[in-house]
Each structure stands twice: as C-alpha cells, then as structure tokens.
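Notes for the one structure printed next.
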Amino acid sequence: MDINLASYYFEKYDIGYIMGMLAHEIGLHPLASRDAGIPDEEGMFAGVPLTVPGLTHLTTPRMMSTEGAGQADHIMAAFPSSTRHRIYRDIVLGMAKILAEDAQAGEEGAKAQDVTDLIDCYLMDLASIALTNDHRTNAAKEPNYTARVYNAYKDLFQAQLAGDTALQALQALLPSNKSMFGVMNAFRRIATHVAIGNSGDSIQQAGTT
1 MDINLASYYF EKYDIGYIMG MLAHEIGLHP LASRDAGIPD EEGMFAGVPL TVPGLTHLTT
61 PRMMSTEGAG QADHIMAAFP SSTRHRIYRD IVLGMAKILA EDAQAGEEGA KAQDVTDLID
121 CYLMDLASIA LTNDHRTNAA KEPNYTARVY NAYKDLFQAQ LAGDTALQAL QALLPSNKSM
181 FGVMNAFRRI ATHVAIGNSG DSIQQAGTT
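Residues in the sequence shown are numbered consecutively from 1, following full-length UniProt numbering.
This is the structure we're talking about:
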C-alpha cells in the first residue's frame, strides 16, 4: 500500500487532520480487509438500503447503499453496525489516545487540539459518505443535513467513549456539534486549497481513496 500526501496537507493542515486522513486509508481499507468475516457480512448487506444516522426522522428517511455508491467499502464503514465501521472507529480511538497522551506529556509540537481535529476529520468523513452515498462533494450542497449526520455520528462516538474508562478523558476533546455554517466553512477551506493549485483528495492508493 502506498499513501501519498500532497505537500499542501503539511502546509495547510495540522497533524490531527493528517492523522484523520491516514486513519481512513489504513483503518477503512487494508486493516479492515484483513478481517476474514467481512466478505460474508458485507455480502449480506450488498444493495440493501441502510438508514443514514441523524436523518431517520424525515418523512422519507435518507438511505445509503452499496448499490450506486462511490465505493461499497466506504458505505459499510459508515454503517454503524458493521465490522468495518468498528475497525475504522477503533483506529481513530487509538490514534486519539496517543495524541492526547503526547499533548499531556508536553511532547514538542503536540497539542490537545490535534485530538479534536482528528475526530472532526473522522466524523466529517462518515457524514459526507453516508449523506451522499459516497459521492462526497455533494455534501457541500446540503450543509444542514451534513451537519445533522455529523452530529449523529458524534453521539455514537461519544457513547463509545463513555463506555470505556480508558477513553473517557477524550470526551473533553470532542469537537463541538457542527452547524450548517461549520460545514460550509469546512468545504470553503477545501475549495480554497484546490483553487490555489492543489488537486482534490491528496491521499492516493491504487484503486481506492
């Protein structure tokens, strides 16, 4: 597996967001694919409509599905009951714990905000996948719904922290609930970097992103 980060990630983003992108590539793809039970589990859900967290209250609830998705494994990672979701989440939790310990120990350059940024990156990744069936640029067109889905995933993540005494200290480092304006600002930031000559998603792996 080759992971390439464009230079502007290091120039424009702090370590928390860089770690968030790495968590996606490492946890969602190769590590998850090593689980022998995943093919059978994901085969059962192939083409099945899955509810999008945070939008079940709509008259016509929003759904995601591997059918027509940008990438089927992304959909399964966004499905909270799946093994792939658990593996991705646990990678983020492990990274967050290390970053928090480094900040607490006073390691050079380490700061608590890194943990918040990592979790924010993870939650935005899940929200944009689930809302758009992994056609993620479309999330910018529905910032209000993107924010609702983000906050629903945050609630699930926070519940995981509350259930593990070793992770409860991370609750103070969770990002704030996202508003539609927060989503708009996040996409505006990405668009600004692209506009100044950088191209899209800078992490590349053969066949998957």
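Beta carbons: idealized from backbone N, C-alpha and C, even for Gly.
### Query
Is it buried or exposed for residue 61, if we count other Cβ within 10 angstroms and need 16 for buried?
exposed
### Task
Note down the Cα distance separating residue 167 from residue 119, rounded to an integer number of angstroms.
13 Å
### Query
Which ranges does the alpha helix (DSSP H) cover as unbroken runs of at least 4 residues, wholly within the region 125-185, from first to last along the chain?
143-162
#### Entry: For residue 89, the first and last residue of its enclosing alpha helix (DSSP H)
83-105
### Task
Please classify residue 34: is it buried, with 16 or more other beta-carbons within 10 angstroms of its beta-carbon, or exposed?
exposed
#### Entry: Limits of the alpha helix (DSSP H) - the one that residue 39 falls within
38-44
### Task
Can you grab the Cα-Cα spacing for the pair residue 43 / residue 37, in whole Å?
10 Å
### Query
Would you call the region 16-33 and the region 83-101 in contact, with 3 or more CB pairs under 8 Å?
yes
#### Entry: Contacting residues, own chain, Cβ-Cβ under 6 Å from residue 177 (five flanking each side not counted)
151
### Task
Consult DSSP for residue 51 and reduce its assignment to one of helix, strand or coil.
strand
### Task
Grab the span of the alpha helix (DSSP H) containing residue 74 for me, first residue to last.
72-78
### Message
On a Cα-Cα basis, can you pick out the residue from 69, 172, 144 and 141 that is closest to residue 117?
### Response
172
### Task
Please confirm whether residue 131 and residue 52 have their CB atoms less than 8 Å apart.
yes
### Task
Give me the Cα-Cα distance between residue 23 and residue 58, rounded to the nearest whole angstrom.
31 Å
### Query
Within this structure, are the beta carbons of residue 191 and residue 129 separated by less than 8 Å?
no
### Message
Within the continuous alpha helix (DSSP H) that includes residue 16, where are the two ends?
### Response
15-23
### Query
From residue 102 to residue 162, what does the alpha carbon distance come to, in whole angstroms?
21 Å
### Task
Please determine if the region 104-112 and the region 177-188 are in contact, where contact requires at least 3 C-beta pairs separated by less than 8 Å.
no
### Message
Considering only their Cβ atoms, is the gap separating residue 16 from residue 115 smaller than 8 Å?
### Response
yes
### Query
Less than 8 Å separating the beta-carbons of residue 65 and residue 50?
yes
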